Structures are given as C-alpha cells and as structure tokens.
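Data first, discussion second: the structure below is written as structure tokens.
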Amino acid sequence: MLLLLLLLLLLLLLLLLRLLLLLLLLLLLLLLLLLLLLLLLLLLLLLLLPLLLLLLLLLLLLLLLLLLLLLLLLTTSTTTTSTTTTTTTTPPPPPPPPPRLLLLLSTTTATITTTFTTTTTTTTTTTTTTTSTTTTTTSTTTTTTTSTTTTTTTYYDYYYYYYYYYYYYNYYYYYYYYYYYYYYYYYYYTTTTIHNDKNVFTQWLLLQLIAHIGGHACFTNSPCFYGILTTTVHVYL
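Counting with the working numbering, you get residues 235 to 471 for the letters of the sequence shown.
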C-alpha cells in the first residue's frame, strides 16, 4: 500500500513539473512574440519617420498661412475703420493761441540830482605912472558859474514771458496736445554814475532781495502786493 502511495505521489510530482515546464515555455513564447512586435514597430517608425516629419511641416505651414490671413484681415479692417472715421467726422477746430503776454510787475525810475558850483575869478590890474604922481587902477571881475548834473538810474525789476502753443496730432483718432512753456529772468538794472551819500552796497542788497521776492510772487499768484512793495522801496531809495 505504501508503495502504491509513493508511486502516485511521484506521478503527481512529475505531472506538476511538466505543467510548470509548459508554462515556462508559453511565457518564453509570449516574450518572443512581444519582442518581435516591438521590432516590427521600430522598423515601421523608422520607415515612417520622414513621412511624419513631412506631415508636421505641412501642418506648421498651414498654421502660418492662417496667421498671415488673420493679420491681413485685421489690418484691412482697421484701415477701413480709420478711413471711415476720417471721412465722416471732422475734428473740432483748435482754439486760437493767446498772444504772448509781457507781464511787467514794476518798473520804477529813481532820479538823483547833484549840483556842482564852480567859481571863476578874473582880476584885471591897470597901472598908470606919471613923473609926479603914480596912479594904480585895479579892476576885479568875479564870475560865478553854477552847473547842475542830473544822473538817472533806471531799475527793471522783473520781466515774465508766457507762451502758449498747441500741437495737432492725428493717428486713427484726433488728439490735441497743448504745450505751455515760459521763461523768466530775474532783476537786472542799468545805472549811470551815481553821486549819492547813501551806502550803495546796502541799496544793491535791498534791490536783490526785492527782485527775489518779485520772482517768487509770480508763483504765489500775488504780484500786486509785491509790485507795491517794490515800488515803495524804490521810492524810498
């Protein structure tokens, strides 16, 4: 009995081994088939690569053509709209530029008069001699000349020039650009010879201060007050 059992077990083992071998063979066959398929695919790809590249190039060309067409359509539409706007609508006329304004805040004239007196004395002596009597006649003539010298000093405190320009620009629409620019220069003065007992340096310092205040007056929009101030100080000087 034991022997029979052993024999049966051996037979079963043999059968199992065969089955395993068969499975292994099947797996190997499958692997071989897969390898063959991969090789075939690679070959096909190698053969079809130029064709694929050509197809990609064709697609790119088509896309470029489409983009060009779209750009052309957009430009034509914008040009047509711009032409229609220019033909149908007329821009409003630009406002006339105002004339150049010369704003003279204060101009004062200070006149200093000095008097010089010159005296000229002329003496004439006449002598008459005789044998018995000597007569001496002396004639004296005195001439006094008074000359007046007038010196005029003119002070120009502040000149302010203001320009207004407009610029017209047209590109698909209408725009108006207004450019304002101005230039100014501070106080300058012209003097002739001054005969005065006052200190000239203090006068000059005061006039520089007045010119500086007058320059800032334009930006603070109060030219009248500073004009009156400069006029009074000039009259005082």
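Glycine residues also receive a C-beta, built at the ideal position from the N, C-alpha and C atoms.
This structure is a prediction, so every number in the text was calculated from the model and none was measured.
Does any CB atom of chain B fall closer than 9 angstroms to the CB of residue i?
i, result
"L272", "Among the chains in the structure shown there is no chain B, since it carries only a single protein chain."
Excluding sequence positions up to five away, which residues of its chain have a Cβ less than 6 angstroms from the Cβ of residue i?
i, result
"L251", "none"
"L272", "none"
"L239", "none"
"T310", "none"
"P284", "none"
Go through its chain and collect everything with a Cβ distance to residue i's Cβ below 8 angstroms, but skip five positions before and after it.
i, result
"L262", "none"
Go through its chain and collect everything with a Cβ distance to residue i's Cβ below 7 angstroms, but skip five positions before and after it.
i, result
"L282", "none"
"L243", "none"
"L260", "none"
Specify the secondary structure class of residue i as computed by DSSP and reduced to three states.
i, result
"L245", "helix"
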